[in-house]
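In what follows, a structure is listed as structure tokens, so that the remarks can point back to it.
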Amino acid sequence: MNESLYVLQYSPETRNFHVEKLHVMLDKNQQAFQSGKPVDYVPLGMYERLDELLEEKARLIKARARR
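Per the numbering used here, numbering through the sequence shown is continuous, rising by one, with the last residue being 69.
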């Protein structure tokens with residue numbers, strides 16, 4: 003697995019964004035699954051560079067504000 007990929011996630015419950023490496027997110031999700039705990043964050047995209055992720059986050063926020 004490419005350990006350099008970033009994931010942009012969003013929590014509908016807390017209305018917050020979260021950024022972490024793909025392999026970290028998958029490890030946490032697998033642990034949550036095994037323990038029966040829910041996962042609130044929804045993955046919105048994967049990016050090789052943090053600046054790309056931040057640009058997409060800004061675009062998504064603007065798009066949502068328009069609706």
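From the three backbone atoms N, C-alpha and C, an ideal C-beta is built for every residue, glycine too. Bear in mind the structure is a predicted one, so any value in this text is a computation, not a measurement.
Problem - Straight-line gap, Lys23 to Arg66 (C-alpha atoms, nearest Å) - result: 25 angstroms
Practice task
Look at the alpha carbon of Asn4 and the alpha carbon of His25, and state the distance between them as a whole number of angstroms.
Solution key: 8 angstroms
Problem - Cβ-Cβ distance between Tyr43 and Gln11 below 7 angstroms - result: yes
Handout entry: Environment of Leu52 [buried if 16+ CB atoms lie within 10 Å]
Key = exposed
Exercise for the section: Below 8 angstroms on the Cβ atoms is my guess for Leu55 versus Tyr8; work out the distance and round it to an integer in Å. Expected result: 5 angstroms
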